[in-house]
Amino acid sequence: MNEYINNKISVVIPVYNTAQYLETCINSVRKQSYTNIELIVVDDGSDSETKKKLKELSSKIDILIHQENKGQSSARNLGIANTTGEFVLVLDSDDYFVSTFCEKAFKIFKENKQVKIITCQSNLINKDNDVIGSYTPSGGDISKMLLNNTAMGSCMFKKTDWAKVGGYDENMKKGFEDWEFYIRLLSDGGEVIVISEILFNYRIGGVSTTTKANKVKYELLEYIYFKHEEIYKQYFNDFISFLLLRIEKEEQEKNKMYTRLEYRIGYYILKPFRFVKRILNG
144 MNEYINNKIS VVIPVYNTAQ YLETCINSVR KQSYTNIELI VVDDGSDSET KKKLKELSSK
204 IDILIHQENK GQSSARNLGI ANTTGEFVLV LDSDDYFVST FCEKAFKIFK ENKQVKIITC
264 QSNLINKDND VIGSYTPSGG DISKMLLNNT AMGSCMFKKT DWAKVGGYDE NMKKGFEDWE
324 FYIRLLSDGG EVIVISEILF NYRIGGVSTT TKANKVKYEL LEYIYFKHEE IYKQYFNDFI
384 SFLLLRIEKE EQEKNKMYTR LEYRIGYYIL KPFRFVKRIL NG
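Going letter by letter, the sequence shown gives residues 144 to 425 in my numbering.
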């Protein structure tokens, strides 16, 4: 017996001032090989250029919602609340999926009841859509997710699981909100499955959410650690080992930097003396 009723995937795209990328993003949804899809776009108080672009693309959007700027968590929650599918795929408006992602993700959900989140390997692209690298999330259960975000920010999950944990934390407006949401999704079991194919294109650089988040990283880490204090206590030994390892790596990198810096300074200070010595020695 099929556990799911309508087998629909609802794609939710929060949009904020990304006019130049919208067409590629939305087209990647409409070109999916899996066709039972609805597309919900939430304009999170974008500029006039973005609103104009959304109007041009409105025929490809099933539901277009406008709100004043409240942040990505709010926009995602509002979009998901208006979905009718059993599965939700959140997609940032400057990124895009390969056409087979939804089909392959849905198949995994049907075959594996332990799945909570499905993500995939990703291309890293710049503002001109040039591929400049790749990234493979590590996946796994809550023990892995507590240490690092083991999925991409754009991923698929069940709407019932989103509702059960109360959606994205709308107080988190500076970043890491997807990681915090995943911790709650996995807190009572389940796992992140990573499709071993590059099916996603993730844009880096510029003023992306990730770039902004890294500027206040320790503030965000403190918020997450204290909010989920009880869960972290359950994995105390692993967590402390992880923190100590990270501190050790940072110290090693710092020592390398100082060594290189000291060498360069020493080289240029001593260079004139070496020159004089060569002259004197004929």
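C-beta atoms are modelled at their ideal positions from N, C-alpha and C, and glycine is treated no differently.
Just so you know, these numbers come straight off a predicted model, no measurement behind them.
The alpha helix (DSSP H) runs of length 4 or more contained entirely in the region 315 to 371 are, from start to end of the chain, 320 to 329, 352 to 358, 360 to 370. Rounded to the nearest angstrom, the gap between the Cα atoms of L232 and A356 is 22 angstroms.
CA-to-CA, the gap between A306 and N398 works out to about 47 angstroms. I261 sits close to I336, with the two beta carbons spaced by under 8 angstroms. Between R173 and K203, the C-beta gap is smaller than 8 angstroms, which places the two residues in contact. DSSP places M288 within a helical segment (H, G or I) once states are collapsed to three. The secondary-structure analysis by DSSP pairs S153 across a beta bridge with E181, V231. Straight-line spacing of the CA atoms in V185 and K316 works out to 16 angstroms. Distance between Y361 and E372, taken at the CA atoms: about 16 angstroms. Here L267 is near Y278, since their CB atoms are less than 8 angstroms apart. N314 and K250 have their alpha carbons spaced roughly 34 angstroms apart.
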